[in-house]
Amino acid sequence: MRMNAEFIMLNHFSQRYAKIPLFSPDFNEKVGIAFDHMKVCFNDFPTVPKLTAPLKALFAGDIEEMEERREKRELRLVRAALLSSGQAGGPEDSEPQKKRTHAEDPQSPQSKKVRAK
Numbered sequence: 001m002r003m004n005a006e007f008i009m010l011n012h013f014s015q016r017y018a019k020i021p022l023f024s025p026d027f028n029e030k031v032g033i034a035f036d037h038m039k040v041c042f043n044d045f046p047t048v049p050k051l052t053a054p055l056k057a058l059f060a061g062d063i064e065e066m067e068e069r070r071e072k073r074e075l076r077l078v079r080a081a082l083l084s085s086g087q088a089g090g091p092e093d094s095e096p097q098k099k100r101t102h103a104e105d106p107q108s109p110q111s112k113k114v115r116a117k
């Protein structure tokens, strides 16, 4: 939006990613999205943003799922940042788990046989 473009057309959505992008509050009459096999002429640009509301309705379930995933991802990032900065609480949160030493390993089956005698 800062580049003061007359119109921005978002396209080339991959099968690997979401079916539709999350709509930013910055989407306005200057932003449109295009899908596979969609033909848009320059004269159609003013009409394309009017498709945003129907697309939101059509993909409401997908959009809700993507927003939930985004919130979970952001929460994980906040937790990770807190842990790395040492603000998460006690030392049990910040210390990595120690590997078991050889002495802590369970006894071998041979040693059980010796004890059973």
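58 is the number that UniProt numbering gives to position 58 of the sequence shown; each next residue is one higher, with no gaps. Using N, Cα and C, we set each Cβ at its ideal position, and we do this for glycine too. Given the structure is predicted, the values throughout are model-derived calculations rather than measurements.
When only Cα atoms are considered, MET3 and VAL78 end up about 31 Å apart.
By the neighbour-count definition (other C-beta atoms within 10 Å, threshold 16), GLY32 is a buried residue. Spanning the alpha carbons of ASN11 and ARG76 requires a straight line of approximately 29 Å.
Excluding the 5 residues flanking it on each side, THR47 has no same chain C-beta neighbour closer than 8 Å. When C-alpha distances from GLU29 are compared across LYS39, GLU6 and ILE20, the shortest belongs to GLU6. The Cβ atoms of LEU55 and ILE8 lie no closer than 9 Å to each other.
Judged by DSSP secondary structure, VAL31 falls within the beta strand (DSSP E) whose first and last residues are 31-33. DSSP places LEU22 outside both helix and strand once states are collapsed to three, so it counts as coil.
Distance from the CA atom of LEU83 to the CA atom of GLU67, rounded to whole angstroms, is 24 Å. Residue range 60-85 is occupied by the alpha helix (DSSP H) that includes MET66, with no beta strand (DSSP E) assigned at that position. For MET9, the enclosing beta strand (DSSP E) begins and ends at 8-10.
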